[in-house]
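Novice: Here it is, the structure, as structure tokens.
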Amino acid sequence: MSIQVAALTPVQTLHALLAQVGATLQADFAYAKSMYISLATTIVSYIVIFLIWGFVLKTRGGVGGYSPPEFIAYLVLAAWLSASLSTRVEGEMAERVRLGVVATDLLKPVDFQQMLVARSCGHTVFQVLVAMVIPLVGFTALGRSLFPASPWNAGAALASAALAFLVQFSIGFLFFQAVFVVHTGYGIFQSRGMLHLVFSGLTAPITAFPDRLRFFSELLPFRHVIYTPVSIWLGRVPAADVPGALLAQALWAAGLLLVGRWVFSVAMKYHVVQGG
Amino acid sequence: MKRVIAAENLGRTFQRRVRAPGLWGALKALFNSRFEEIHAVRGLSFTVKAGEMLGLIGENGAGKSTTVKMLTGILVPTSGRVEVLGLEPAKNRSRLALHIGVVFGQRPQLLWDIPVRETFDLLRTMYAIPESVYRRTFGEALRRLDLEPLLRIPVRQLSLGQRMRCDLAASLLHAPAVAFLDEPTIGLDAIAKEEVREYIRQIQREFGTTVVLTTHDLKDITELCTRLVVLHHGELLFDGSLAGFEHKYAPDRRIIATLEERMTASRARVLSASIRRSGGILRSWEPYRLVIEYGEKGVATRVLRGLLRSASPSDFVMERADIETIVRRLYRKPATATRDRPVKG
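First to last, the protein sequences are chains A and B. The first sequence begins at 0 in numbering that gives the first Met the number 0 and counts up by one. The second sequence begins at 0 in numbering that gives the first Met the number 0 and counts up by one.
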């Protein structure tokens, strides 16, 4: 069999992935109402967090080196970032694995992991737009304390947020693959959500954590999803340490993506597409 | 002609959890896991040449879909080897995907939430389809499958038949070298089925596409395929031409006679002996109806002559078992594996 079987060129692959981002974004607009409901629920849960911390800050003053206004500004930005960085692709894929529809995803001419990054990117663009309501309300209430420490911090924080997207995706990609074994996302994504809630810095800056929790938070990659970019934005990371923080994020993202690829290649050897 | 698919001793074994029925069974299974091995495909060897249209059939659970999954690379074989377009599918899945089209009848690749047109646009970019090819495949799909009115409708609002037509068009949009069509006419009405078959024929003619068709609708096979592979319990039962299949499994022809006069048991015995001497068999009889079977060519005249002499038929029809009847018979009582002709590479 000597047949020329070409692959997509890198440029064609890029076009394919961008098209996937666009298609995902378009599909999200079809379900905007559902997203508003989800956002409203999320905002309510954040309000509860704000109320709890409001009470603590009122009685104790600053926590973890943050003054009360700085702490609240941190929480608003953390909420915005968390609501923006989508984890939807994991749940979608879990359902597709369960029903066997993943077969059609596996038969695309682009790399599976890259395709999921593109889909996640599409969801994230949509969620960034929807979640804009959080900083807008936050700005109305808190004013300038939400602003970045400097234009340089803003730029570095945006780069950090982009890396946070990759860390978030790569963690999700690893968790998602457990579905190949257990055939449902139930339980897996609850665990993933809990770990994110506890260790990412969503509920409080990591410096405010008790020592043991802080120790574990610093060992795990979750803090690079929320805590690192928000801290850079607010100028809580010294300028000299920012490149190191970005590098740590990049290394986590690259490492987790590579591990994810390896796990996926192993999983595919055993995975059975469900249904006839 | 080049060989585009080669499967050699291909096998796939699954482990299936064995569970007692009911709630108690589900509870027990939490603490006591027992598995059984299922050999979905065993020692399957066949090749397909470029441009061939191959029908892959078998009863439910025969291993058809498992075979297609292995050929497309989404399932890794547990034994044997397979090559499609010179590539090992499981190791080169994405690369191979650019050159194959796959329809899984029950799993649409269309984007569920947005209009059909958007999926076509996405696939056009994703497969880097040249303008000249896209114009032909898309134009042909619009014309043959009557897709124009569906393009603006979100996929979730389409009927099963409409979705199948769109999904087939989407899968062949890039004029793949090999198309794996797993139940492409499922859920379609008779007219739509004919349109789909015509579309497949057209794409095959125009682009020389090799087609591997899995279906339970044997009309798809008789209308499209020149070759048949029959699987039974994961093993190859037959590989050859449709004519060879009919010759092998249904050499018998039948005469069904309607009688003017009532047939009695004693007359039937006499008639049966007479027909046997002519080379046929009286397969069954009722008071006013006879079914006679014969195999060899040239026997019909003798049998008919005997029939006209011994009975008084008011009418009779001569028929040969159609492929559906043969397959039905075969599923009930499978024969041993055969190849109609050696398949050369």
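Cβ coordinates follow ideal geometry from the N, Cα and C atoms, glycine included. Small disclaimer: the values here were computed from a predicted structure and weren't measured.
(1) For R87 (chain A) and R260 (chain A), I'd like the C-alpha separation in whole angstroms.
(2) Using 8 Å for Cβ pairs, my map puts R2 (chain B) next to K63 (chain B). What's the rounded Cβ distance?
(3) With a floor of 4 residues, list each alpha helix (DSSP H) that falls wholly inside the segment 124-160 of chain B, ordered by position along the chain.
(4) With a CB to CB cut of under 7 Å and the five nearest residues on each side skipped, what residues in its chain are close to S179 (chain A)?
(5) Please list, in chain order, the residues of the segment 84-113 of chain A that have any C-beta partner in chain B closer than 7 Å.
(6) When you compare the CB of V75 (chain B) with every CB in chain A, is at least one pair closer than 8 Å?
(7) Is the CB of Q11 (chain A) under 8 Å away from at least one CB in chain B?
(8) When the Cα of R226 (chain B) is compared with those of B:R135, B:A299 and B:A242, which residue comes out closest?
(9) Jot down the residue ranges of each uninterrupted alpha helix (DSSP H) in the segment 261-338 of chain B, minimum 4 residues, whole runs only, in chain order.
(10) Would you mind telling me which residues of chain B sit closer than 7 Å to L7 (chain A), beta carbon to beta carbon, in chain order?
(11) Are the Cβ atoms of Q203 (chain B) and M69 (chain B) separated by less than 8 Å?
(12) How about P20 (chain B): is its C-beta nearer than 8 Å to some C-beta of chain A?
(13) Using DSSP with H/G/I as helix, E/B as strand and the rest coil, what is S1 (chain A)?
(14) So, using beta-carbon positions, are G171 (chain A) and E94 (chain A) closer together than 8 Å?
(15) Excluding the five sequence neighbours on either side, which residues of its own chain have a C-beta within less than 6 Å of the C-beta of L165 (chain A), listed in chain order?
(16) Taking C-beta to C-beta, are A176 (chain B) and L84 (chain B) nearer than 8 Å?
(17) Based on Cα-Cα distance, which residue from B:E205, B:T118 and B:L9 lies nearest to G21 (chain A)?
(18) Using only the alpha-carbon positions, how far apart do V258 (chain A) and A155 (chain A) sit?
(19) How big is the Cα-Cα spacing for S131 (chain B) and G10 (chain B)?
(20) Using a Cβ cut-off of 8 Å (strictly closer), state whether D188 (chain B) contacts chain A.
(21) Could you check if W232 (chain A) is buried or exposed, using at least 16 other CB atoms within 10 Å of its CB as the buried criterion?
(22) Check the Cβ-Cβ distances between H14 (chain A) and every residue of chain B, and say whether any is below 8 Å.
(23) Helix, strand or coil for N8 (chain B), going by three-state DSSP, please let me know.
(24) Just to confirm before moving on: does the CB-CB distance between V101 (chain B) and T66 (chain B) stay below 8 Å?
(25) Against V101 (chain B), what residues of chain A qualify as contacts under a CB-to-CB distance less than 7 Å, listed in chain order?
(26) So for F146 (chain A), helix, strand or coil by DSSP?
(27) Determine the direct distance from the alpha carbon of L217 (chain B) to that of E323 (chain B), and round the result to whole angstroms.
(28) In angstroms, rounded to a whole number, what distance separates the CA positions of T12 (chain B) and E35 (chain B)?
(29) Grab me the residues of G279 (chain B)'s own chain with a C-beta within less than 7 Å of its C-beta, minus the 5 sequence neighbours each way, in chain order.
(30) Tell me, please, whether the segment 17-30 of chain B touches the segment 88-102 of chain B by the rule of three or more beta-carbon pairs shorter than 8 Å.
(31) Just tell me which of B:L55, B:R276, B:M262 and B:A6 has its CA closest to the CA of D181 (chain B).
(32) Any idea what DSSP makes of V75 (chain B), helix, strand or coil?
(33) Sorted by chain position, which residues of the same chain lie with C-beta nearer than 7 Å to G145 (chain A)'s C-beta, five sequence neighbours on each side aside?
(34) Excluding the 5 residues flanking S271 (chain B) on each side, which residues of the same chain have their C-beta closer than 6 Å to its C-beta?
(35) Using 8 Å as the limit for Cβ to Cβ distance, is Q156 (chain B) near chain A?
(36) Can you list, in chain order, the residues of its chain whose CB lies under 7 Å from that of S119 (chain A), leaving out five sequence neighbours each side?
Specialist: By the coordinates alone:
(1) Taking the first residue of the first sequence as 1, we reach residue 87 (chain A) at position 88. Taking the first residue of the first sequence as 1, we reach residue 260 (chain A) at position 261. Put simply, the backbone Cα of R87 (chain A) is about 19 Å away from that of R260 (chain A).
(2) Within the second sequence, residue 2 (chain B) is the residue found at index 3, counting from 1. Within the second sequence, residue 63 (chain B) is the residue found at index 64, counting from 1. That pair is no contact at about 21 Å.
(3) Counting only runs of 4 or more residues that sit fully inside the segment 124-160 of chain B, the alpha helix (DSSP H) segments are 130-144, in chain order.
(4) Within the first sequence, numbered from 1, the residue matching residue 179 (chain A) stands at position 180. The question names Ser, yet the displayed sequence has Phe at residue 179 (chain A). Correct list, in chain order: V96, A266 and H270.
(5) For the segment 84-113 of chain A, which is checked against every Cβ of chain B, the residues closer than 7 Å are G99, V100, A102, T103, L105, L106, K107, P108, V109 and D110.
(6) Residue numbering aside, residue 75 (chain B) sits at position 76 when the second sequence is read from its first letter. Closer than 8 Å: yes.
(7) Here the question's residue 11 (chain A) lines up with position 12 in the first sequence. Q11 (chain A) counts as touching chain B.
(8) Position 227 of the second sequence holds residue 226 (chain B). For the residues B:R135, B:A299 and B:A242, the minimum Cα distance to R226 (chain B) belongs to B:A242.
(9) Taking only runs of at least 4 residues, the alpha helix (DSSP H) segments lying wholly in the segment 261-338 of chain B are 264-277, 298-309 and 322-331.
(10) Translated into positions along the first sequence, residue 7 (chain A) becomes position 8. Correct list: L97 and A127.
(11) Position 204 of the second sequence, counting from 1, holds the residue named residue 203 (chain B). Position 70 of the second sequence, counting from 1, holds the residue named residue 69 (chain B). No, the Cβ-Cβ distance between Q203 (chain B) and M69 (chain B) is not below 8 Å.
(12) Indexing the second sequence from 1 puts residue 20 (chain B) at position 21. By this cut-off, P20 (chain B) is not an interface position.
(13) Here residue 1 (chain A) refers to the residue found at position 2 of the first sequence. Only weak support exists for where S1 (chain A) lies, its pLDDT of 49 falling under 50; the coordinates are left without a value.
(14) Locating residue 171 (chain A) in the first sequence gives position 172, counting from the first residue. Locating residue 94 (chain A) in the first sequence gives position 95, counting from the first residue. For G171 (chain A) and E94 (chain A), no; Cβs fall outside 8 Å.
(15) Numbered from its first residue, the first sequence carries residue 165 (chain A) at position 166. These residues qualify, in order along the chain: A252.
(16) Indexing the second sequence from 1 puts residue 176 (chain B) at position 177. Indexing the second sequence from 1 puts residue 84 (chain B) at position 85. Result yes, Cβ atoms of A176 (chain B) and L84 (chain B) sit closer than 8 Å.
(17) Working through the first sequence from its first residue, we reach residue 21 (chain A) at position 22. Each of B:E205, B:T118 and B:L9 was checked against the Cα of G21 (chain A), and the nearest Cα belongs to B:T118.
(18) Within the first sequence, residue 258 (chain A) is the residue found at index 259, counting from 1. Within the first sequence, residue 155 (chain A) is the residue found at index 156, counting from 1. Each residue's Cα considered, the two are about 26 Å apart.
(19) Residue mapping note: residue 131 (chain B) aligns to position 132 of the second sequence, counting from 1. Residue mapping note: residue 10 (chain B) aligns to position 11 of the second sequence, counting from 1. Between S131 (chain B) and G10 (chain B), the alpha-carbon positions lie close to 40 Å from each other.
(20) For the purposes of this step, residue 188 (chain B) is taken as the residue at position 189 of the second sequence. No, D188 (chain B) does not count as interfacial toward chain A.
(21) Translated into the one-based positions of the first sequence, residue 232 (chain A) becomes position 233. Under this definition W232 (chain A) is a buried residue.
(22) In the first sequence, residue 14 (chain A) corresponds to position 15, counting from 1. Closer than 8 Å to some Cβ of chain B, the Cβ of H14 (chain A) qualifies, so yes.
(23) Working through the second sequence from its first residue, we reach residue 8 (chain B) at position 9. In the structure shown, N8 (chain B) sits in a strand (DSSP, three-state: E or B).
(24) Numbered from 1 along the second sequence, position 102 holds the residue referred to as residue 101 (chain B). Numbered from 1 along the second sequence, position 67 holds the residue referred to as residue 66 (chain B). Not in contact: V101 (chain B) and T66 (chain B) (Cβ atoms no closer than 8 Å).
(25) Along the second sequence, one-based indexing puts residue 101 (chain B) at 102. In chain order, L106 make up the part of chain A whose C-beta sits under 7 Å from the C-beta of V101 (chain B).
(26) Against the first sequence, residue 146 (chain A) aligns to sequence position 147. Look at F146 (chain A) here: in three-state DSSP terms it is coil, with no helix or strand label.
(27) As a working note, residue 323 (chain B) is residue 324 in the second sequence. As a working note, residue 217 (chain B) is residue 218 in the second sequence. For E323 (chain B) and L217 (chain B), the gap between their C-alpha atoms comes out near 6 Å.
(28) Taking the second sequence and counting its residues from 1, one reaches residue 12 (chain B) at position 13. Taking the second sequence and counting its residues from 1, one reaches residue 35 (chain B) at position 36. C-alpha separation (whole angstroms): 10 Å.
(29) Taking the first residue of the second sequence as 1, we reach residue 279 (chain B) at position 280. So the qualifying residues of the chain are I291, E292, Y293, V298 and V302.
(30) The answer is no - the segment 88-102 of chain B does not touch the segment 17-30 of chain B, with fewer than three Cβ pairs under 8 Å.
(31) Against the second sequence, residue 181 (chain B) aligns to sequence position 182. Checked all of B:L55, B:R276, B:M262 and B:A6; the closest Cα to D181 (chain B) is B:L55.
(32) As a first step, residue 75 (chain B) must be located in the second sequence, where it is residue number 76. In this structure, V75 (chain B) counts as coil in the three-state DSSP scheme.
(33) Locating residue 145 (chain A) in the first sequence gives position 146, where the first residue counts as 1. Here residue 145 (chain A) is Leu; the residue named in the question, Gly, does not match the sequence. Here L145 (chain A) has A72, V75, L76, P134, G137 and F138 as same chain residues with Cβ atoms under 7 Å from its own Cβ, once five neighbours each way along the sequence are excluded.
(34) Residue mapping note: residue 271 (chain B) aligns to position 272 of the second sequence, counting from 1. The residues are L281.
(35) Position 157 of the second sequence, counting from 1, holds the residue named residue 156 (chain B). Output row for Q156 (chain B): interface = no.
(36) As a position in the first sequence, residue 119 (chain A) is number 120, starting the count at 1. These residues qualify, in order along the chain: S85, V88 and F168.
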